[in-house]
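Take a look at the structure below.
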Amino acid sequence: MDPEITDQDEPAARGITRKNLLKAALIAAPLPLLIGGVPALARAQRNSGGPLAPTPFCHDGDAPTIDQTEGPYFKPNSPLRSVLTGAGTPLTVSGFVFNRACQPLANVLLDFWQADTNGEYDNVGYTFRGHQFTNAQGAYSLTTVVPGLYPGRTRHLHMKVQAPNRGILTTQTYFPGEPRNNTDTIFDARLLMNVRNGNGGKEATFDFVLNIAGVPPTSQPPTSEPPTSEPPTNPPGGSWRAGTNYAAGATVSYGGQNYRCLQGHTALSGWEPPNVPALWQRI
1069 MDPEITDQDE PAARGITRKN LLKAALIAAP LPLLIGGVPA LARAQRNSGG
1119 PLAPTPFCHD GDAPTIDQTE GPYFKPNSPL RSVLTGAGTP LTVSGFVFNR
1169 ACQPLANVLL DFWQADTNGE YDNVGYTFRG HQFTNAQGAY SLTTVVPGLY
1219 PGRTRHLHMK VQAPNRGILT TQTYFPGEPR NNTDTIFDAR LLMNVRNGNG
1269 GKEATFDFVL NIAGVPPTSQ PPTSEPPTSE PPTNPPGGSW RAGTNYAAGA
1319 TVSYGGQNYR CLQGHTALSG WEPPNVPALW QRI
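See below:
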């Protein structure tokens, strides 16, 4: 993933970083977004009267953003699935993806990866790796296990989040009450999930807010709207087709360029190869 395509926050300058200042403030005073001891979900703030703050990158400015946010264990070509099975304490993570106007975003790509219960990543296969898309209501749900600990890090999940035709948010989410939250230099309290016990395991919720502007409608849209112009008579040609199931490694042409599929998926209108670098690589 190329850091230039992101439309999220830029990293702070080296030295005294935005992350370290935030962590110092958190130690000195309660986090304003904490309600009843847990982070407030974005959906609970839709009546606040102002735009939502976007989900932050998880970095401290001491290294290139891509290294801090993605970590050394990301792999492309994860399978399309929302259930990651394996030994450990069951964990379900659910929530929504919103724009800054608290409008839910459909067809958003979420690519998850994590350590297993022993704190190890599968760097050969795709254990505890998978991607999915939000539904028409902007919702997602992941079934997995609680990740284990490994030296230097607190307990966390990794993800990449990309709305159609937009940049990639690469970030991590965290568990409240973890002792290592206080010593992990990458930890950011704004990325804490709401976690509770339930159904023999853990249930977590987290809402992502992408840095995409939006204005809530003030009235019902018309039931039909005449076209304002004729459709293009010469749309970009090529072999790519919406509705086609593409496997990782498949190649297509679009607009005079060739592309290789990075992640198996069903092609959607609006997800043409130039628009989704998370799915297609130009060759």
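Each residue of the sequence shown is one higher than the one before, counting from 1069 in my numbering.
We put the CB at the ideal spot given by N, CA and C, even for glycine.
- Counting the other CB atoms within 10 Å of its CB gives THR1334 a total below 16, which places it among the exposed residues.
- The C-beta separation of VAL1165 from VAL1229 comes to about 7 Å, placing the pair in contact by the 8 Å criterion.
- In the structure shown, LEU1260 falls within a strand segment according to DSSP collapsed to helix, strand and coil.
- Residue nearest to GLY1220 within the set ALA1231, GLY1311, THR1251, TYR1194 is THR1251 (criterion: CA-CA distance).
- Taking the C-beta atoms as reference points, PRO1147 is found nearer than 8 Å to TYR1194.
- Residue nearest to THR1157 within the set PRO1215, PRO1247, VAL1192 is PRO1215 (criterion: CA-CA distance).
- Here ASN1175 is not bridged, per DSSP, to any residue.
- When LEU1347, SER1162, GLY1324 are compared, the shortest CA-CA separation from ALA1315 is found for LEU1347.
- DSSP places LYS1270 inside the beta strand (DSSP E), whose first and last residues are 1269 to 1273.
- With a 10 Å radius around the Cβ and a threshold of 16 neighbouring Cβ atoms, ILE1351 comes out exposed.
- By the neighbour-count criterion, in which 16 or more other beta carbons inside 10 Å mark a residue as buried, ASN1279 falls on the buried side.
- GLN1331 sits in coil when the DSSP states are folded into three classes, being neither helix nor strand.
- A direct Cα-Cα distance of roughly 29 Å separates ARG1197 from ALA1112.
- Residue pairing by DSSP places ASN1203 opposite no residue, since no beta bridge is assigned to it.
- The secondary-structure analysis by DSSP pairs ARG1234 with nothing; it has no beta-bridge partner.
- Around THR1202, the same chain offers PHE1164, VAL1165, PRO1172, LEU1173, ALA1174, ASN1175, VAL1176, LEU1178, TYR1208 as residues with beta carbons nearer than 8 Å, after the five sequence neighbours per side are excluded.
- THR1273 has its alpha-carbon roughly 21 Å from the corresponding atom of PRO1119.
- Ranked by how close their Cα comes to the Cα of SER1150, the residues VAL1161, ARG1328, TYR1141 have VAL1161 in first place.
- The beta carbon of GLU1340 is closer than 7 Å to those of TRP1308, TYR1322 in its chain, skipping five residues each way along the sequence.
- A direct Cα-Cα distance of roughly 35 Å separates GLN1205 from VAL1192.
- Contact between ARG1248 and THR1222 is confirmed by a C-beta separation of about 4 Å, below the 8 Å threshold.
- Cβ atoms of THR1241 and VAL1213 stay farther apart than 8 Å, at about 15 Å.
- Per DSSP, the continuous beta strand (DSSP E) segment holding TYR1322 begins and ends at 1319 to 1322.
- Excluding the 5 residues flanking it on each side, LEU1152 has same chain C-beta neighbours closer than 6 Å at PHE1196, GLY1198, THR1212, in chain order.
- CA-to-CA, the gap between HIS1226 and GLY1306 works out to about 34 Å.
- Among the bridge pairs identified by DSSP, GLY1306 is matched with TYR1322.
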